[in-house]
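**Student:**
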């Protein structure tokens, strides 16, 4: 009887999978949501065998409430991470170990997951709050996407991941535009911002983000008329060489000087 009551208090997330995984730290094999703890079993990925889960790892639920890691157990060759309990009604969550190792949008693969799509729209007058600015920076994955192999692996997953980020943190169409811009623009070098700056973003950072205005393309006639208007406003300056005087003009000039 006691065992049955305990089992009823544990909800299993069948066939857990993440919308996007980074870092290659292994795959999530099982998730159990209990009243007193949430257990996540992580299978070793093989390619990153030396990686260890830091004590600062946490789970983020649908409301972005963070549930820290309590302890690490072992099960055969897998590790079992025990966290503070997620709400038993949780359908999707994030497992964040560190900046490189993340499992975003963990959900049950046997249940349909409908995430609304927001059309990104640039708004030059939009103001981005500091908290949303940090969310965009964290989920842009900019430093990871610099690597060509990582970008090739993740680029097809980015649209759905963006929809998830927009849905979870309730981003506006302009903020969705900035997030897409950060993920899609090709980069060869990353400017690493100090941690102190990321914790307390300034208004100058917002101005930098908002200044990335897309350049509208002009039609042929628009370019033609704008060119003509520019020429009319600033007519070209031409240099005129003096015409040489004829013999008759030279004679008349001499007679005028004599008189």
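Numbering (our numbering), first residue to last: 5 to 263.
Where is the CB? At the ideal position from N, CA and C, for every residue including glycine.
Remember, predicted model here, so these are calculated numbers, not experimental data.
(1) Compare the C-alpha of residue 105 against each of 119, 134 and 148 and name the closest.
(2) Is it buried or exposed for residue 80, if we count other Cβ within 10 angstroms and need 16 for buried?
(3) Alpha carbons only, please: which of 89, 154 and 141 is nearest the one belonging to residue 16?
(4) Three-state secondary structure (DSSP) at residue 149?
(5) Please name the residue, chosen from 175, 46 and 74, that lies closest to residue 135 on a Cα-to-Cα basis.
(6) DSSP on residue 4, reduced to helix/strand/coil?
(7) Taking the alpha-carbon positions, what's the residue 100 to residue 22 distance?
(8) Can you give the beta carbon distance from residue 132 to residue 183, rounded, assuming they're within the 8 Å contact cut?
(9) By Cβ distance, which residues of its chain are closer than 8 Å to residue 103, with the 5 residues on each side in sequence left out?
(10) Just checking my contact of residue 65 with residue 71 at CB under 8 Å: how many whole Å lie between their CB atoms?
(11) Just the C-alpha distance for residue 142 and residue 97, rounded to the nearest angstrom, thanks.
(12) For the candidate residues 118, 112 and 86, whose alpha-carbon lies nearest to that of residue 42?
(13) The beta strand (DSSP E) with residue 63 in it runs from where to where?
(14) Starting from residue 186, trace the alpha helix (DSSP H) both ways and give me its first and last residue.
(15) Specify the secondary structure class of residue 70 as computed by DSSP and reduced to three states.
(16) What residue range is occupied by the uninterrupted beta strand (DSSP E) comprising residue 169?
(17) Which one or two residues does DSSP pair with residue 94 in a beta bridge?
(18) Helix, strand or coil: how does DSSP classify residue 138 here?
(19) How close, in whole Å, do the beta carbons of residue 47 and residue 61 come, if the pair is a contact with beta carbons under 8 Å?
(20) Look at residue 14 and residue 165 and say whether their C-beta atoms are less than 8 Å apart.
**Tutor:** In terms of the structure at hand:
(1) Along the chain shown, read from residue 1 onward, the residue named residue 105 stands at position 101. Of the candidates 119, 134 and 148, 148 places its Cα closest to the Cα of residue 105.
(2) Looking up residue 80 in the chain shown gives position 76. An exposed status is given to residue 80, since fewer than 16 other beta-carbon atoms sit within 10 Å of its beta-carbon.
(3) Start at 1 with the first residue of the chain shown, and residue 16 comes out as number 12. The shortest Cα separation from residue 16 among 89, 154 and 141 belongs to 89.
(4) On the chain shown, position 145 is the one that residue 149 refers to. Of the three classes helix, strand and coil, the one that applies to residue 149 here is helix, per DSSP.
(5) Working through the chain shown from its first residue, we reach residue 135 at position 131. Residue 135 has its Cα closest to that of 175, out of 175, 46 and 74.
(6) Any question about residue 4 goes unanswered here, given that the chain covers just 5 to 263.
(7) The residue given as residue 100 occupies position 96 in the chain shown. The residue given as residue 22 occupies position 18 in the chain shown. Inter-residue distance for residue 100 and residue 22 is about 12 Å (C-alpha atoms, whole angstroms).
(8) Locating residue 132 in the chain shown gives position 128, counting from the first residue. Locating residue 183 in the chain shown gives position 179, counting from the first residue. Residue 132 to residue 183, Cβ: 10 Å. No contact.
(9) Taking the chain shown and counting its residues from 1, one reaches residue 103 at position 99. These residues qualify, in order along the chain: 147.
(10) Taking the chain shown and counting its residues from 1, one reaches residue 65 at position 61. Taking the chain shown and counting its residues from 1, one reaches residue 71 at position 67. So it is a contact: roughly 7 Å between Cβ atoms.
(11) Your numbering for residue 142 matches position 138 in the chain shown. Your numbering for residue 97 matches position 93 in the chain shown. Answer to the nearest angstrom: the Cα atoms are 16 Å apart.
(12) The count along the chain shown starts at 1 and reaches residue 42 at position 38. Measuring from the Cα of residue 42, the nearest candidate turns out to be 86.
(13) To locate residue 63, count along the chain shown from 1; it is residue 59. Where residue 63 is concerned, the enclosing beta strand (DSSP E) stretches over 62-64.
(14) Along the chain shown, read from residue 1 onward, the residue named residue 186 stands at position 182. Per DSSP, residue 186 is one residue of the alpha helix (DSSP H) stretching across 177-188.
(15) Stepping through the chain shown from its first residue, residue 70 is reached at position 66. Strand.
(16) Your numbering for residue 169 matches position 165 in the chain shown. Annotation for residue 169: no beta strand (DSSP E) segment contains it, though the alpha helix (DSSP H) segment containing it runs 162-173.
(17) Taking the chain shown and counting its residues from 1, one reaches residue 94 at position 90. According to DSSP, residue 94 bridges with nothing at all.
(18) For the purposes of this step, residue 138 is identified with residue 134 of the chain shown, where counting begins at 1. For residue 138, the secondary structure class from DSSP, reduced to helix, strand or coil, is helix.
(19) Here the question's residue 47 lines up with position 43 in the chain shown. Here the question's residue 61 lines up with position 57 in the chain shown. Wrong, their Cβ atoms sit about 16 Å apart, outside the cutoff.
(20) The residue labelled residue 14 in the question sits at position 10 within the chain shown. The residue labelled residue 165 in the question sits at position 161 within the chain shown. Contact: no.
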